[in-house]
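For the sequence shown, our numbering assigns the number 23 to the initial residue and increments by one for each residue that follows. What follows is one structure encoded as structure tokens, with my remarks underneath.
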Amino acid sequence: MKEDLVKNSNDRLSIEHICEDEITWVLTVPTIWTDAAKQFMREAAVEAGIKNENLMIALEPETASIFCRLLPVEKMVEGGGIASFTQGSVYMVLDAGGGTIDITVHEVLSGGKLKELNKASGGAWGGTQVDEAYKHFLISLFGNPVFHRFQVENKEEYLDMFREFETRKRYIAPDNDNKVTIRLPSSLTEIFEETSGANLRKAIMQTKYANEVSLTGDKLRINASVMKSLFSNAIQSTVSHVKELMNDKSVRSISNVLMVGGFSESKMLQHAIRSSFPNVKVIIPEEAGLVVLKGAVVFGHIQTSVSHRF
């Protein structure tokens, strides 16, 4: 990864050669990681050839805040911006990534610096939990032995199946009741019928999803209600935790929530946060999934944006 970045930078930038000693490397990590986990990341980077003195570890919600404070209102999908937040303003950063949800509360200090008001918290409720729910849904249709064999013997088709789901789930929204169509790999159907001796279409009619899932050719047609239910655990855990923080007396009144991270682009999560906290302004930047990355670049230049951590 390091070598690829240096190569691409040399190819694209209009300078003769980039000296690696002149590069400041910023690695972002979830806020809820332990010091040991952060140290492991640092040691791995050094092992990859990055000099320790050129390396910085940054917390993802902090880099997100830093970047969003530079964005004009028109670069926000919803809720306006945080660039206009004055000294003393308090807001929550909800960093919803693939693996984890990291939540912290920031106060704006003089000069635009940030102060962390609470110990960062969260859990493994990110977008991959939705993927895991989808996997369990498929297992309920095909059975664990069949699906496990498919996963082991047809790795590429298995990955393609989840890549397709990744695309489909972006369009799942509370107000969208259209059925979702997923192409079934022929190998999965063959393994099922070879193992069970049953016809897949008829077998689906014997499951609890008989009225919600149908098979036409190699296309699995799934009711919107089933697809929406895959988000339930991740969203319920996130909303519950945000409620706890909102009621925490050690944190001053929060009137804004900044949603960043790839999972924050989900209409399901956005709706859940808005409906659960109607008196709070929800702010969502364009390309929320890239905000941490872009903020890390800014962080590497200014470095002193966060003056105090809890």
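All residues carry an ideal CB built from backbone N, CA and C; glycine is no exception. Please read all numbers here as calculations on a predicted model, not as lab measurements.
Spatial neighbours of residue i in its chain, beta-carbon cut-off 6 Å, leaving aside the 5 residues before and after
i	result
residue 173	180
residue 319	none
residue 213	168, 171, 172
residue 289	195
residue 217	168
Unbroken alpha helix (DSSP H) run spanning residue i, endpoints
i	result
residue 166	166–175
residue 207	Careful: residue 207 lies outside any alpha helix (DSSP H) and carries neither H nor E.
residue 252	Here residue 252 belongs to no alpha helix (DSSP H), and DSSP marks it neither H nor E.
residue 130	No alpha helix (DSSP H) contains residue 130, which is instead part of the beta strand (DSSP E) from 123–130.
residue 334	Outside the shown range of the chain, which is 23 to 332, sits residue 334, and nothing can be said about it.
residue 226	222–226
residue 273	No alpha helix (DSSP H) holds residue 273; DSSP gives it neither H nor E.
residue 24	24–34
residue 289	289–298
residue 86	82–90
residue 21	Lying before the first or after the last residue shown, residue 21 is absent from the chain, which here runs from 23 to 332.
Same chain, Cβ closer than 8 Å to residue i, neighbours up to 5 away in sequence not counted
i	result
residue 45	28, 76
residue 110	129, 130
residue 96	Confidence in residue 96 is poor, its pLDDT being 47 and thus under 50, which makes the residue's placement unreliable; the coordinate value appears in the next sentence. Nothing listed; no residue qualifies.
residue 321	48, 78, 80, 84, 85, 88, 327
Residue i versus residue j - alpha carbon distance
i	j	result
residue 242	residue 80	43 Å
residue 54	residue 224	46 Å
residue 34	residue 228	57 Å
residue 89	residue 132	17 Å
residue 139	residue 72	32 Å
residue 186	residue 152	14 Å
residue 279	residue 157	31 Å
residue 316	residue 244	37 Å
residue 47	residue 141	26 Å
residue 210	residue 276	49 Å
residue 43	residue 85	23 Å
residue 281	residue 305	6 Å
residue 136	residue 273	15 Å
residue 69	residue 269	43 Å
residue 143	residue 231	36 Å
Range of the contiguous beta strand (DSSP E) that encloses residue i
i	result
residue 144	143–145
residue 112	112–118
residue 278	278–282
residue 303	303–307
residue 201	Counting along the chain, residue 201 falls outside any beta strand (DSSP E), and DSSP gives it neither H nor E.
residue 139	That residue, residue 139, is in no beta strand (DSSP E); it is neither H nor E in DSSP.
residue 236	235–238
residue 241	241–244
residue 53	Counting along the chain, residue 53 falls outside any beta strand (DSSP E), and DSSP gives it neither H nor E.
Local Cβ density within 10 Å of residue i, reported as buried at 16 or more and exposed below that
i	result
residue 170	exposed
residue 20	Since the first residue of the chain shown is 23 and the last is 332, residue 20 is not available in this structure.
residue 23	exposed
residue 167	exposed
residue 197	exposed
residue 219	exposed
residue 124	buried
residue 307	buried
residue 91	buried
residue 313	buried
residue 182	exposed
residue 58	exposed
residue 324	exposed
residue 126	buried
residue 251	exposed
residue 240	exposed
Proximal residues to residue i (C-beta, below 7 Å), its chain only, five neighbours per side dropped
i	result
residue 150	120, 121
residue 302	276, 277, 278, 279
residue 222	211, 214, 215, 237
residue 63	49, 51, 79
Residue i Cβ short of 7 Å to the ligand SAM heavy atom set
i	result
residue 156	Judged by which ligands are present, the structure shown has none, so any question about the ligand SAM falls away.
Between the stretch 260–278 and the stretch 294–305, do three or more beta carbon pairs fall short of 8 Å?
yes
Across the stretch 199–218 and the stretch 246–255, are there enough close Cβ pairs to call them in contact, namely three or more that are closer than 8 Å?
yes
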